[in-house]
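Student:
Protein chains: 4
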Amino acid sequence: MRLSAYTFDTRGPADVSGLRALLDEGRERPDDLLAVIGKTEGNGGRNDFTRELAMQALEHLMAPRLGLAPERVQDRVIFSFSGGTEGVVTPHQIAFFRSGSPDRTRRPRKRLGVAIASTRAFRPEEIGRMAQVEETARAIREAVDELGVDALADVHLVQMKGAIPSYTPEESARAERAGCPLRCDMVWSRAASALATGLALGEIPRERLSDDVIGRDWELYSTVASCSAKPGLERTEIVVFAMSPYWDGDLVIEHGVLADILDADGVRAVLRKAGVDASDAAAVRARLVAAFAKSEADPRGTIRGRRHTMLQDDDIGDTRYSRCVLAAVLASVLGDTRVYVSTRAEHHGPLGGGPLALILRAEAP
Amino acid sequence: MRLSAYTFDTRGPADVSGLRALLDEGRERPDDLLAVIGKTEGNGGRNDFTRELAMQALEHLMAPRLGLAPERVQDRVIFSFSGGTEGVVTPHQIAFFRSGSPDRTRRPRKRLGVAIASTRAFRPEEIGRMAQVEETARAIREAVDELGVDALADVHLVQMKGAIPSYTPEESARAERAGCPLRCDMVWSRAASALATGLALGEIPRERLSDDVIGRDWELYSTVASCSAKPGLERTEIVVFAMSPYWDGDLVIEHGVLADILDADGVRAVLRKAGVDASDAAAVRARLVAAFAKSEADPRGTIRGRRHTMLQDDDIGDTRYSRCVLAAVLASVLGDTRVYVSTRAEHHGPLGGGPLALILRAEAP
Amino acid sequence: MRLSAYTFDTRGPADVSGLRALLDEGRERPDDLLAVIGKTEGNGGRNDFTRELAMQALEHLMAPRLGLAPERVQDRVIFSFSGGTEGVVTPHQIAFFRSGSPDRTRRPRKRLGVAIASTRAFRPEEIGRMAQVEETARAIREAVDELGVDALADVHLVQMKGAIPSYTPEESARAERAGCPLRCDMVWSRAASALATGLALGEIPRERLSDDVIGRDWELYSTVASCSAKPGLERTEIVVFAMSPYWDGDLVIEHGVLADILDADGVRAVLRKAGVDASDAAAVRARLVAAFAKSEADPRGTIRGRRHTMLQDDDIGDTRYSRCVLAAVLASVLGDTRVYVSTRAEHHGPLGGGPLALILRAEAP
Amino acid sequence: MRLSAYTFDTRGPADVSGLRALLDEGRERPDDLLAVIGKTEGNGGRNDFTRELAMQALEHLMAPRLGLAPERVQDRVIFSFSGGTEGVVTPHQIAFFRSGSPDRTRRPRKRLGVAIASTRAFRPEEIGRMAQVEETARAIREAVDELGVDALADVHLVQMKGAIPSYTPEESARAERAGCPLRCDMVWSRAASALATGLALGEIPRERLSDDVIGRDWELYSTVASCSAKPGLERTEIVVFAMSPYWDGDLVIEHGVLADILDADGVRAVLRKAGVDASDAAAVRARLVAAFAKSEADPRGTIRGRRHTMLQDDDIGDTRYSRCVLAAVLASVLGDTRVYVSTRAEHHGPLGGGPLALILRAEAP
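Residue numbers (the working numbering), protein chains in the order written: chain A, 1 to 365; chain B, 1001 to 1365; chain C, 2001 to 2365; chain D, 3001 to 3365.
(1) Residues in the same chain with beta-carbon distance under 7 Å from Gly3335 (chain D), minus the five sequence neighbours each way, listed in chain order, please.
(2) Between which two residues does the beta strand (DSSP E) harbouring Tyr3006 (chain D) extend?
(3) What residues are listed by DSSP as bridge partners for Val3252 (chain D)?
(4) Just confirm the distance between the C-beta atoms of Ile303 (chain A) and Leu258 (chain A), as a whole number of angstroms; I'd bet it's less than 8 Å.
(5) For Ala102 (chain A), list the residues DSSP reports as bridge partners.
(6) For my contact list, Ala1290 (chain B) and Ala1014 (chain B) are in at a C-beta cut-off of 8 Å; report their separation, rounded to the angstrom.
(7) Count the other CB atoms within 10 Å of the CB of Glu2176 (chain C); is the residue buried (16 or more) or exposed (fewer)?
(8) So, are the CB atoms of Ile2204 (chain C) and Gly2128 (chain C) less than 8 Å apart?
(9) When you compare each of A:Ala225, A:Arg65 and A:Met1 to Arg29 (chain A) by their alpha carbons, which one comes out closest?
(10) Among all the DSSP beta bridges, which residues are the ones paired with Met2160 (chain C)?
(11) Are the CB atoms of Ser82 (chain A) and Tyr321 (chain A) within a distance shorter than 8 Å?
(12) Please say whether Ala1095 (chain B) and Leu1147 (chain B) have beta carbons closer to each other than 8 Å?
(13) If distances are taken between C-alpha atoms only, which option among B:Ala1278, B:Glu1254, B:Gly1256 and B:Gly1266 comes closest to Asp265 (chain A)?
(14) Taking a Cβ distance cut-off of 9 Å, strictly less, list which residues of the segment 44-63 of chain A are near chain C, in chain order.
(15) Give the DSSP-derived three-state secondary structure of Lys3273 (chain D) in the structure shown.
(16) Since Thr309 (chain A) meets chain C, which of its residues come closer than 8 Å, beta carbon to beta carbon?
(17) Please report the straight-line C-alpha distance between Leu2209 (chain C) and Pro2365 (chain C), rounded to a whole angstrom.
(18) Since Gly1215 (chain B) meets chain D, which of its residues come closer than 9 Å, beta carbon to beta carbon?
(19) In or out: Thr2168 (chain C) buried (at least 16 other Cβ within 10 Å) or exposed?
(20) Please list, in chain order, the chain A residues whose beta carbon lies closer than 9 Å to that of Gly2249 (chain C).
(21) Taking only three categories from DSSP, how would you classify Val1329 (chain B)?
(22) Confirm, please, whether the CB-CB distance from Ile2078 (chain C) to Leu2157 (chain C) is below 8 Å.
(23) Arg2111 (chain C) lies in the beta strand (DSSP E); which residues open and close that run?
(24) Tell me which residues share the same chain as Thr1119 (chain B) and place their Cβ nearer than 6 Å to its Cβ, disregarding the 5 neighbours each side in the sequence.
(25) What's the call for Pro355 (chain A), buried or exposed, on a 16-neighbour Cβ count within 10 Å?
(26) Is DSSP giving Gly3083 (chain D) helix, strand or coil here?
(27) Leu271 (chain A) to Gly349 (chain A), Cα distance in whole Å?
(28) Is the Cβ-Cβ distance between Arg1323 (chain B) and Glu1086 (chain B) less than 8 Å?
(29) Are the beta-carbon atoms of Arg2306 (chain C) and Thr3050 (chain D) separated by less than 8 Å?
(30) Is there a Cβ of chain B sitting closer than 8 Å to that of Ala2014 (chain C), yes or no?
(31) By the three-class DSSP mapping on this structure, what secondary structure does Ala2278 (chain C) have?
(32) Below 7 Å between beta carbons is the criterion; list the residues of the segment 3315-3340 of chain D that meet it against any residue of chain A, in chain order.
(33) Quick one: list the residues of chain D neighbouring Asp2009 (chain C), beta-carbon separation under 9 Å, in chain order.
(34) Using a beta-carbon distance cut-off of less than 7 Å, what residues from the segment 1239-1267 of chain B approach chain C?
(35) Please classify Gly3301 (chain D): is it buried, with 16 or more other beta-carbons within 10 angstroms of its beta-carbon, or exposed?
(36) Can you find a CB in chain B that lies within less than 8 Å of the CB of Asp3313 (chain D)?
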């Protein structure tokens, strides 16, 4: 199996010209398209329709090329879009292609491999509780196994779209009467998904986990999780990125944790782990393919010991600010404005901080 | 003359507790207060009343201590507030005190000195034209002379509140009929003030300046100007910061130009010029007193060759984005969230970039 | 006792020129100033500093005239400001003066009287529970008694600033462990204050009230309550407006309930109850002094049976929308853009609707 | 020819379920679809992608049903979407179908007819000048002629998408040097389109029009124009709504002018002209089909003689406020939240006001 990745700047959410040209020129086969991940210029919130527009445009691009109805395309290809290109971020898409067939021949050098998995459908009362954590961890391990990694430490990014099954007011009332109120929302779904990643990858011991610590004990976190949650979704969709001796291509991945959204040193540390000299802009540029990070406005109201105002602003949301800040810091270190920062980071890295994963070329071209 | 500076975090725009304590404890004399410069948590725009609130609170603090009516306090002390603490910026105030009496004894080491000047009152038709440029340059040179600098290169920051005299619709119509439409607004006043700084300090030769290049030829710029303009103001108020052998104290200043709002290397270069190792966070922290910078969303719509969306967003203004980005980059390099970034930078540094001035302790404590 | 009211348009939150002129011209005595209620052009949210600016300006205006320190002025005069002049609202202040001395001579015609009261200090665990409801009801009745109304139906507006005492994280955790989590926030404080009004005025029978119905049973509401809550406030401040045979002046008050924020008929009904022909714009203009209303974006997500988007917008808050809508409807019926609409209306009128009180001249001038 | 209209509430910009059901149930034929006009829940500005999403969804709905490629659908059907459902507006679509074949038999009663026209392609230097005005007027008259109206007064709405051809910086510089700077933007294109409507329909005498009055003399206006302008569009697209004796169906149209965005009386006057008793909510509901209006925040900064703050707010644009206000007033009078208010109204009705057109059923069902 061979993985390749292409980054396209977009002129708007519906701009799929980059991917179209790639396919029309025959440089990649439609059937090999595994996932398209992108940032669109919406507000990233409830009334952000730019993600839907991007996905609709991709469905209509791919449907005839895959011989599917548009509404079936996402059964075959993962589309994962995050709204919010605050500040310097260039709206862009990254397309991943997987070619060749799986084989179990170890290669001399590990390369980035990608596997996809899905949980079973969740019931509303499971979200934000151990049932979600354990089933999600199971699905993550399934994907990890498929990749054939040498060690769990070779997993560097677990991108998830977290389930938030629909429920009726009656179900909610019943759960509350039963003393176990529903946690079926974005916050809880992200939190449980991140803890599930930590559990699956051995970052968090099973015995420290319980319904009570979810969304509460912020010392428990994963360093590779990246979850957004989507109302109406019944199953959590999982994409695991890991270094595998069974995968080919020119891509590698590395990750680390940023202590806060100003942590430029943390960004440089990830580059260094990947063997890139952060002070050599040309070297970084030659190797960087993609950057995935999670941001949050520190909920304690301070950063580096001083007050910030992101949580007291009724005109601009804290999610927009924290994306803007972290993306600026990433771009200033990496020299690239095509960075993927999504927001809200419950149990994703330490409080106020979050994971960073970099996909790089194995060697400078 | 001896200059000292104090930085106070504020809990809100009206919080003057830091300065009050300093004065009440007798650590500085009210009469020595020269200027208070600060960032407040407003939107930095037309309906930002946080600056007024901060200044009103300071007037009421100082009036009894100076034996003046509140409305007379600003005749004695410069208050300069910039709204907009987007992202990580901590609202704060920096108070400058000048003690001792002027003397002309050269000291062995230059120190930061500050001088204040004011232009004559402008007529509306002068704003944005050479009349404004030349009178402003004259006033700047007056302040520079007062400081007794060895060379114009010792001037590192010229903070200005640019005049925008009021005018009637009739005056505007008459000017238009005369073929010389008024330029009496913020954009033009800032632009002319910056060019005036460049002229006064020898950065821009007189023969390259004319009414036609103002607000048009962006290759002409000052590297030390920092101007905001204020409707209703008749005279441009000027504060010059320079290294002088006739001043005492523990403060020095250095400056440089940022190529764009992501230019972390440019920030490090200013530290280096000031003899500070940018990679040593403790050293930076020990010496940094204040950072002043100008940001702008590159009007060409790109940054580092790629599209940005700051100029196409109808929910959040580009001034808020550019401040957020540059402040994040500054804070990530300097390790301090008390940075003063104001926005719009016509002829302030190159297009898309802007000047940066750092005030530092002469030696680590 | 004689009540008079003056409305001043303001040029900004700190504009107190109207009140200053009134006092300086000797038309009213500073000592008689009872309350200043106003709308300022902020966002009405957590980072709205326009209210503070307005109150600071008023404190500095009144302090020398009352022979008090600025920080003592609010012990004598009620200042109640609401931020948010979305759409057509003209920022304005209404000053109420009370002159003469209390006497118990019945006059032939009732007139608007105003009384002020305050609850005892609340403990955090009382907020949002029956303890707050009952103590607030007691204080309201105290003010009502002082006014000497003939019947509770003569009370038409109870303006409250609801207490939200500060608490420590430990207090919060302890309350949660005790199975009685704190409700000490704006939502609960407003809700309990409104129910207290209903209880005090006989709108809601005591037996229907309990901790469980607060913030839940929206069929229980007051038609005259108007409460905003303020973090840090220990006592709820209460201003009662009622028709009293012991008060003199040229003002009357009437109220009603709006079924939703589009309820123009409801506005006309209040005018009609006050004897004003709503279709005669000149008559309305001649008599209207002030309008106080509460708005909310219907939490069910619909209005008049159709979807609205106010609750799904991450760029503009629903409070801003609902104020804009109701103020537009009020201004379109009343022909005056100086309307006081504040937002969030838990138990203030029916779900999605709210109370409206109009102060009018007793007779057209 | 017979016209019919259907209004669908939408659950989001891409929701075309209403139209799909109508077609799938065979109640109308796809080939008869003339136009879909709608409001979407975006910000109505430069980064509003909800219009594009709605149109993309409609293209994909109609393409197979019309036997066309998606990108050709708009050659056959007019899609006109306006972003911004501020406040109470319910996002919705109105689909117009035209059935039967044109004939010249006068019917006893006039009914609403619709005709479509297009200008020739404009050059950038023509926009905002008389060339645009005259060609647009010509195209409007062409559409009016096609409808066979008895008199120009039978035209009640001219909905236009105004051309803004692209141009190079060189073209712009050349025009400026030639003393005739380009006016090729939204403001000028809307202004010229509205004047063109006034010219075509005899509202404005030809001799009062010249390049100089466009965008300047606000006493010249149309009472039936409704233009939005679209960058990149070369030809202005025109839809004329008029009462015609050659059209059949159950629809009529009436119009009037609102003096300002609070003009509830103006709304009632249009109802009255259409024979509907505005005070009878059931009667209005039974007959109202659609409402089209133009709003603007009065550029003089006042409304009904008092200050408004819509033009000084850097957090929320004046277009959003004015739509919110006028939509609230319309909905409060009409009892329907499905109102189409678009914004900016240069030469559309008097300064601060604008046209209102109501489509109604000829008789209550």
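All C-beta atoms in this analysis are idealised placements derived from N, C-alpha and C, irrespective of residue type, glycine included.
Tutor: Judging by the given coordinates:
(1) Ala3281, Val3284 and Arg3285
(2) Arg3002 to Asp3009
(3) D:Leu3360
(4) About 12 Å separates the two Cβ atoms, so there is no contact after all.
(5) It is worth fixing the name first, because residue 102 (chain A) is Pro in this sequence and not Ala. The partner list for Pro102 (chain A) (beta bridge, DSSP) is empty, contrary to what the question assumes.
(6) Not confirmed; about 21 Å, so no contact.
(7) exposed
(8) no
(9) A:Arg65
(10) C:Cys2227 and C:Ile2238
(11) no
(12) no
(13) B:Ala1278
(14) Gly44, Gly45, Arg46, Asn47 and Asp48
(15) helix
(16) Asn2047
(17) 45 Å
(18) Going along chain D, no residue has its Cβ under 9 Å from Gly1215 (chain B), so there is no contact; the nearest lies around 14 Å.
(19) exposed
(20) Going along chain A, no residue has its Cβ under 9 Å from Gly2249 (chain C), so there is no contact; the nearest lies around 38 Å.
(21) helix
(22) no
(23) Arg2111 to Ser2118
(24) Glu1135, Thr1136, Ala1139, Arg1235 and Thr1236
(25) buried
(26) strand
(27) 18 Å
(28) yes
(29) no
(30) yes
(31) coil
(32) Asp3315
(33) Arg3306 and Arg3307
(34) none
(35) exposed
(36) yes
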